[in-house]
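> Residue numbers (this note's numbering), protein chains in the order written: chain A, 1 to 126; chain B, 1 to 143. No residue lacks a Cβ here, since even glycine has one placed at the ideal position from N, Cα and C.
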């Protein structure tokens, strides 16, 4: 799981409801770095994903604003892998520092140097 | 900053005769600094390449409906950045959230479409503690 992956929210929490984010919604990870075991997710108007949808001056008026929410890694599941490679991830990180935790693979939080943050897979606080 | 007599007396009572009156707080070296109004050329936007790829991947159909084509990506970005810098300098933004990582703002921009129309759009940035404007989403929605 990393930046620009499309992810689904797996759980309802009060802190997500404050931002109108609910279980089942699909968004895109837009932060390169993981902070407090969370990613920043952006939820855009679902019509952007509809194959033959055409935007007009009329329906643009009802376009949903991009909605941002910080979501815990354990509450996310990847539904579509994104286009980011290590170069793109590095450019997203604060001061382009590769030591920032930035991806999740097989239950481990990793940085670009291959270091693991947690000791037990899927226990992100270990 | 003018202090009332009552306030000074309360300070002297609380901290003794050695109470120092700072500009806005007791025992504080706070002072006012004048900051010149920025112009558009001074504003540096930090837009990671991934944000650009994401815009064109997910929202290209929308940009096409505004009169652009797939070959106009450089022009789209130039117009976008100009609009964002102008909106920021004019104070045309709303603070959405602030925490220890920075201040998230939504800029209200006037974006020129490929068809010459002006579209009122939103663009989202985070102002980091060092003053950088880092992009969250290049075009968030219609205003």
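#1: Which bits of chain A does residue 137 (chain B) rub up against, with CB to CB less than 9 Å?
#2: List the endpoints of the continuous alpha helix (DSSP H) containing residue 113 (chain A).
#3: DSSP three-state call for residue 105 (chain A): helix, strand or coil?
#4: At a CB-CB cut-off below 7 Å, which residues of chain A make contact with residue 72 (chain B)?
#5: Checking the sheet assignment: what are the DSSP bridge partners for residue 46 (chain B)?
#6: Identify, in the order they occur along the chain, each residue of the same chain with its Cβ nearer than 8 Å to the Cβ of residue 50 (chain A), setting aside the five sequence neighbours on each side.
#7: The alpha helix (DSSP H) spanning residue 119 (chain B) covers which residue range?
#8: With contact counted as at least three CB pairs below 8 Å, one residue from each stretch, are the stretch 123 to 132 of chain B and the stretch 95 to 106 of chain B in contact?
#9: Could you check whether the Cβ of residue 98 (chain A) sits closer than 9 Å to any Cβ belonging to chain B?
#10: Would you tell me roughly how many angstroms separate the C-alpha atoms of residue 13 (chain A) and residue 22 (chain A), rounded to the nearest one?
#11: Flag residue 124 (chain A) as yes if its beta-carbon sits less than 9 Å from any beta-carbon of chain B, otherwise no.
The relevant details are as follows:
#1: 30, 42, 44, 66 and 68
#2: Taken as a continuous stretch (DSSP letters only), residue 113 (chain A) belongs to no alpha helix (DSSP H), as it is neither H nor E.
#3: strand
#4: Per Cβ cutoff of 7 Å: no residues; residue 72 (chain B) is ~16 Å from chain A at best.
#5: B:134
#6: none
#7: From DSSP, residue 119 (chain B) is part of no alpha helix (DSSP H) but of the beta strand (DSSP E) over 118 to 127.
#8: yes
#9: no
#10: 8 Å
#11: no
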